[in-house]
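Residue numbers (our numbering), protein chains in the order written: chain A, 1 to 410; chain S, 1 to 100. We treat Cβ as the ideally placed atom computed from N, Cα and C, and that holds for glycine. No experiment lies behind these values; they were computed from the predicted model shown. Here's the structure, in structure tokens; my notes come after.
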């Protein structure tokens, strides 16, 4: 006996805005959130990439000190979107604290800004250096800091899952949350991911020669998923959250159902930790379709992972084309936000949900000339009206982790 | 200012006025660091103001840097029993005496 799982609340803080109206305005007008990289006092001077998917607006936080004292920047993002989701879905305090609601929330590596302070202390062999390592700092930077700051703020007492699998962090959060409810372990899960502004991630990809560097003076022209002239990914920041509930629970309390999660798959390439793997991705898509119990031709839209690396986009297009042919429309939504790392899966799911609600598909930005190695799928190159009934959201991560989520219009 | 006061503590010159000065500084720290405004001298900091063990550790760090002296593990453990502003002042006095 399995249960249907629905989304009853969603919110995100992204390089293309905070909340539904902002994000839809960017998607419908084709406006990018990529900006010039902000310089720090450490290694920005060495980084060749000069662009970042930036949250360049202020967010009005209203958190008490009791909550703030264990939060790094990444948890500010996480708790804000969690708060907005709970306000939107309004499940009621009794339900939130009942133990029947859990949290699945993660980030790529906690709070790098706070970690930097720890690393500085590790190279200071004085007592001052030693005593600067605080319990509170650990609570701010630990890998599961987002999940447990959310549980603390809202008194959530159910299960905690804190995935930290780089680019599949929040797609796993949604997927694992979906499975928790589907198989009856929890009645609701608050799911998502967040990552703060962080140049160490940029440095990793920059040193791998995987970052875009040709458009440093024209940030809005990169990344360029599937385009002939794409030159790499653009690291970004942001957060997103969704509230998943059992269909019966949502109906019983009269909640608005925004979409249904009908399928999830996750596998590993079982080999290289960096290179994308066509067989692995193909298998993920097939496993997801099987879990969703839909045929490939029933899928109307694919949100591709599409980071705009030379190799990754080609492999994804080939794997996607081998399963779907040219049937579903495909967009690379990172062309708007850059690669928001641990939050990309949930942000792209929410963008897809908005397009499902509004009846359109936003095009892949900067897709001026489709690379022939990526030409076997149906690219969306200008905004189109479309009735998205079923959508797939694909994400792949360092470590060879692949995920595929399927959403259905209610 | 607290460091000046604690200098006097270090030479073991403690009077009512100095205790009041320390109290003023502690109240300032509570306001600026912990966003706890004007706690009463006998109020239970945990029950009334949510001052928890993490806050207590942070306060010990403040006291260490102001004393320019490391606290021993037993001194730190003793601080975990502190519940009121008055007890904090007593604690600082006792630290000063052992270092005079």
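Chain A places no beta carbon closer than 8 Å to that of residue 32 of chain S, leaving this residue out of the contacts. Beta-bridge annotation (DSSP): residue 128 of chain A is not paired with any residue.
Contact note: residue 136 of chain A reaches chain S through 54 and 58, using a C-beta cutoff of 7 Å and chain order.
When C-beta atoms of the segment 389 to 398 of chain A are compared with those of the segment 342 to 354 of chain A, three or more pairs fall below 8 Å, so the two segments count as touching. With a beta-carbon spacing of about 4 Å, residue 343 of chain A and residue 193 of chain A fall inside the 8 Å limit used to define contacts. For residue 196 of chain A, no beta strand (DSSP E) run applies, since DSSP gives it neither H nor E. In this structure, residue 181 of chain A lies away from residue 86 of chain A, with their beta-carbon atoms at least 8 Å apart.
Straight-line spacing of the CA atoms in residue 72 of chain A and residue 155 of chain A works out to 19 Å. Sixteen is the threshold: when 16 or more other Cβ atoms of the shown chains lie within 10 Å of the Cβ of residue 402 of chain A, as they do, the residue is buried. DSSP places residue 356 of chain A in the uninterrupted alpha helix (DSSP H) bounded by 344 to 358. Segment contact: the segment 245 to 264 of chain A against the segment 221 to 234 of chain A, fewer than three CB-CB distances shorter than 8 Å; contact not assigned.
Cβ-Cβ distances below 6 Å link residue 139 of chain A to 70 in the same chain, with the five nearest sequence neighbours on each side left out; the list follows chain order.
Separation of the CB atoms of residue 54 of chain A and residue 35 of chain A is rounded to 4 Å, and the pair is thereby assigned contact status at 8 Å.
One thing to note: residue 47 of chain A has its Cβ within 8 Å of the Cβ of residue 199 of chain A.
The three-state secondary structure of residue 394 of chain A, taken from DSSP, is strand. Residue state for residue 35 of chain A is assigned as strand, using DSSP reduced to three classes.
Judged by beta-carbon spacing, residue 30 of chain A lies within the 8 Å limit of residue 363 of chain A, meaning their Cβ atoms are closer than that value. When C-alpha distances from residue 320 of chain A are compared across A:95, A:25 and A:226, the shortest belongs to A:226. Going by DSSP, residue 233 of chain A is part of no beta strand (DSSP E) at all; its letter is neither H nor E. In this structure, the CA atom of residue 189 of chain A is about 13 Å from the CA atom of residue 106 of chain A. Within chain S, the residues placing a beta-carbon under 8 Å from that of residue 127 of chain A are 70, ordered along the chain. Around the C-beta of residue 125 of chain A, fewer than 16 other C-beta atoms lie within 10 Å, and the residue is accordingly described as exposed.
Distance from the CA of residue 314 of chain A to the CA of residue 79 of chain A, rounded to the nearest whole angstrom, comes to 36 Å.
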